Amino acid sequence: MIARYYHWLHGKWPAGTIEKLPVVGEDGQTNVSGVRIVGDLSGVPLLKFSSETGARAVQAILSESSFPDERSTKADDVYDLVIIGAGVSGISAAMEAQKAGLRYLLVEASQIFSTVANFPKGKPIFTYPTEMAPSGGIQYGERSSIKESLLQDMQRQVDEAGIEITNGRIEKIQKSGGVFQLVNANSKEGETWKALRVVVGIGRSGNFRKLGVPGESMDKVMNRLHDPKDYAGKHVMVVGGGDSAAEAAIALAACGANVTLSYRKSELNRPKPENVEKVLELAKDPCAEVSVDRPSSERVTTAASSEMREGKPGCLNLELGTAPTRITGDAVFIKGKDGAETEIKNDAVFAMIGREAPLDFFRKSKVSIIGDWSVKAVIGFIAFMVVMAFLYHLKAYKTFLGIENTNLWQIFASKGWFPFNIPVSGADGGVLHTILKTASTDPGFTFAFLYTAIIVIFGIKRIKRRKTAYVRRQTLTLMAFQVIPLFLIPYIIFPILYNNGVFSSGGLGQWFGMTFLSDGQGGDPNQFWRAFGFILAWPLFIYNIFTEAPIWGWIVLGFIQTFVIIP
Ligand SMILES: Cc1cc2nc3c(=O)[nH]c(=O)nc-3n(C[C@H](O)[C@H](O)[C@H](O)COP(=O)(O)OP(=O)(O)OC[C@H]3O[C@@H](n4cnc5c(N)ncnc54)[C@H](O)[C@@H]3O)c2cc1C
């Protein structure tokens, strides 16, 4: 029953782990002054955002007040700007730098637009958000709907802008003598470029996540599937739980391989529903007619279907809740949740466990990574917890761990400290008077006000940063929840209605006040905080249900919220 309840609560979400990315601020700024990050690594992995972030980073450099002076006094061998990576974002940055007449260098380790060039043949391209037009760099039009024509159109824009690319691989950014020094790891002579500013647009391609087990470096371990027919009749293990893993497993089994799909979680919930369906179908019936017509993963580079099979059907063995522990010449050992190790015959392994940001590059360059703990971060975290505990304790009207004279509310009130010293003005019962009176008698007001302000400020910042219709709607909804039912109604609207006698002069108003804002024993209808229950359904907010005397209004409403409205 608990398992069913957990399932009903969608306890499996959010699936996956939080991705580690460098900490990026406005216009790609990092903690290393002068180094900006653009493209996929700055947050949203979409083409239009790559153009936008690339162009914006250069526009921001141009608006830095010290940049013109630094340019005019720098040595001749120092570039104004070095851009690392000639993907969509790096090219967009270069186009903006070219337009501004900067002396820049664009360094690319493999090929221009390498991520897009590696998309599967004929891949349809979605240029979201539809209404967005990047403020500079590569633009997208009708020709952007298919990989091949997108590449041609982007190349045309590069040629028209006259962008030049230098071959090289940069592994870290160092600062010395007031300028950035970038060593080309591809050059034996230690070729070094110097720059006043650096824009990093190296994307995530090539940084496939590792299994981290012995034997991983063998040739038979791969992270791209080119032709599934090569594996007909062979024993193949696919590791992973996303679309790449599912599509590889389907393509291989459909073409006659004996596939084992190993995934560390006990449920396959990350791939698209149609891929999950095909995996389950094959696991039940190896002869099922399935196909991967248009692989969505760029790691599965050809379409595959059971019609391509020439020999015996393959099979798909699902090993959920397992992970490989070691790989040998002819086997893979996997371990289940019970700790038991199983040996599985093996000719090839496809490690399809996602990509990760090139974190080594950033760590070596001293760029902060989200979630990396530094001494400063630990001190900041402790200080934050202390301030929050203090604020919470101040509004809780309780002694601290039962120790006498530690009720902060009482101490602050008796000493006349903030917020108890807020001057109250305005006409009795009026809006201003009610707000100031609530603020000066209940520290909860200040707490809720601060909390609401933080949510609104962060919300606006988030909407500005992630300009997608989804994020906008989601964030506005969350902001509205906090502002209206959790602040305006309990702290301003209900107190005003109360002061104007709405809850005590009979009729519907009195019924409402006594039903939802009283203590259930006929007390004054001034327990405005109970209004949290309108939005925080039981059991999120228990204080309206577990009361000294039953408050029937809340019991009935809580029941309807939890068992009718939410389901
Ligand atoms: C399978 C797949 C499908 C996608 N489909 C879509 C879609 O339909 N619509 C959409 O909007 N977006 C899509 N995207 C996302 C889109 O491709 C990316 O947002 C975009 O390519 C990111 O551009 P970028 O410049 O950040 O990085 P990239 O395009 O990855 O470019 C980074 C460049 O840096 C180079 N590089 C890396 N390390 C170094 C180094 N150390 N030194 C020098 N150069 C280096 C690389 O060789 C590469 O050329 C898809 C992505 C994938 C993987």
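Residues 503 to 1069 in my numbering are what the sequence shown lists, from first letter to last.
Here a beta-carbon is modelled for each residue, glycine too, at the ideal position from N, C-alpha and C.
The structure presented is a predicted model; accordingly, all values stated were derived computationally and were not measured.
Figure out for me which residue from the options has the closest Cα to the Cα of residue i.
i: V700; options: K731, F682 and R711; result: F682
i: S535; options: P1069, A853, A697 and G1022; result: A697
i: F1018; options: L1042, V540, S678 and T1049; result: T1049
i: E1070; options: K522, G513, G545 and E845; result: Here the chain comprises residues numbered 503 to 1069, so residue 1070 is not present and cannot be evaluated.
i: L548; options: A929, H737 and T617; result: T617
i: G1025; options: Q1063, Q1012, G1035 and P826; result: Q1012
i: L988; options: A1033, T948, G705 and L952; result: A1033
i: Q613; options: D582, W875 and I593; result: I593
i: L784; options: G758, F569, Q659 and T804; result: G758
i: H728; options: R968, L1059, V794 and G679; result: V794
i: G961; options: V985, G1035 and R645; result: V985
i: F922; options: T908, I905 and L896; result: L896
i: L1042; options: F1030, G1055, Q1029 and F1061; result: F1061
i: I648; options: A619, T668, I667 and I640; result: A619
i: K731; options: A756, G742, S707 and G744; result: A756
i: L934; options: A982, P997 and L980; result: P997
i: K674; options: K847, F710, P860 and S942; result: P860
i: A611; options: L543, S637 and G703; result: G703
i: S807; options: G1009, K780, R801 and D832; result: K780
i: I651; options: G624, G670 and Q676; result: Per the sequence presented here, residue 651 reads as Ser, with Ile not at that position. The option with the nearest alpha carbon to S651 is G624.
i: C817; options: I836, A842, G1008 and E791; result: E791
Who pairs with residue i in a beta bridge, going by DSSP?
i: F682; result: K677 and A697
i: A806; result: V794
i: P524; result: I871
i: R1032; result: Looking at the DSSP assignment, R1032 forms no beta bridge with any residue, so it has no partner.
i: N909; result: N909 pairs with nothing; no bridge assigned.
i: G838; result: T824
i: F710; result: R857
i: T668; result: V609
DSSP three-state call for residue i: helix, strand or coil?
i: K786; result: helix
i: F992; result: Note that residue 992 is Pro in the sequence shown, not Phe. Correct three-state label for P992: helix.
i: A859; result: coil
i: A748; result: helix
i: P730; result: helix
i: F921; result: Note that residue 921 corresponds to Pro in the displayed sequence, not to Phe. It is coil, neither helix nor strand.
i: Y606; result: strand
i: E598; result: helix
i: Y899; result: coil
i: V580; result: strand
i: N1001; result: helix
i: Q531; result: strand
i: V851; result: strand
i: P626; result: strand
i: N777; result: helix
i: F1048; result: coil
i: V877; result: helix
i: V889; result: helix
i: L818; result: strand
i: I586; result: strand
i: A833; result: strand
i: V926; result: coil
i: V546; result: coil
i: T632; result: coil
If you follow the beta strand (DSSP E) that residue i is in, where does it begin and where does it stop?
i: R538; result: V537 to I539
i: S764; result: N760 to Y765
For residue i, report the span of its alpha helix (DSSP H) as first-last.
i: H737; result: Taken as a continuous stretch (DSSP letters only), H737 belongs to no alpha helix (DSSP H), being part of the beta strand (DSSP E) at H737 to V741.
i: R558; result: L549 to L564
i: P570; result: F569 to T575
i: Y507; result: I504 to W510
i: G1015; result: G1009 to F1018
i: E691; result: No alpha helix (DSSP H) contains E691, which DSSP labels as neither H nor E.
i: R975; result: A971 to V985
i: I1062; result: W1054 to I1062
i: T844; result: Unbroken run through T844 is the beta strand (DSSP E), E843 to K847; no alpha helix (DSSP H).
i: G946; result: P945 to R967
i: M656; result: K649 to A663
i: S616; result: S616 to A619
Is residue i near ligand 2, with its Cβ less than 7 Å from a heavy atom?
i: L653; result: Although ligand 2 was asked about, the structure shown includes only ligand 1 as ligands.
Point to revise | Contact the segment 537-556 vs the segment 721-736: 3+ CB pairs below 8 Å | key: Taking a cut-off of 8 Å on C-beta distances, the segment 537-556 does not touch the segment 721-736, as fewer than three cross pairs fall below it.
Check your understanding: Any contact of the segment 618-634 with the segment 560-579, i.e. 3+ C-beta pairs under 8 Å?
Key -> The segment 560-579 and the segment 618-634 do not touch, with fewer than three beta-carbon pairs separated by less than 8 Å.
Check your understanding: Pairing CB atoms from the segment 1001-1009 with CB atoms from the segment 578-593, are three or more of them under 8 Å?
Key -> Short answer: they don't touch.
Point to revise | Sufficient close CB pairs (3 or more, under 8 Å) joining the segment 734-743 to the segment 850-870 | key: Cβ pair count under 8 Å is three or more, so yes.
Check your understanding: Do three or more CB pairs link the segment 920-938 to the segment 870-881 at distances below 8 Å?
Key -> Output reads no: the segment 870-881 does not touch the segment 920-938.
**Study point:** Touch test, the segment 589-605 against the segment 656-670, Cβ-Cβ under 8 Å, three pairs minimum
**Key:** Using a C-beta cut-off of 8 Å, the segment 589-605 makes contact with the segment 656-670, since at least three inter-stretch Cβ pairs fall below that distance.
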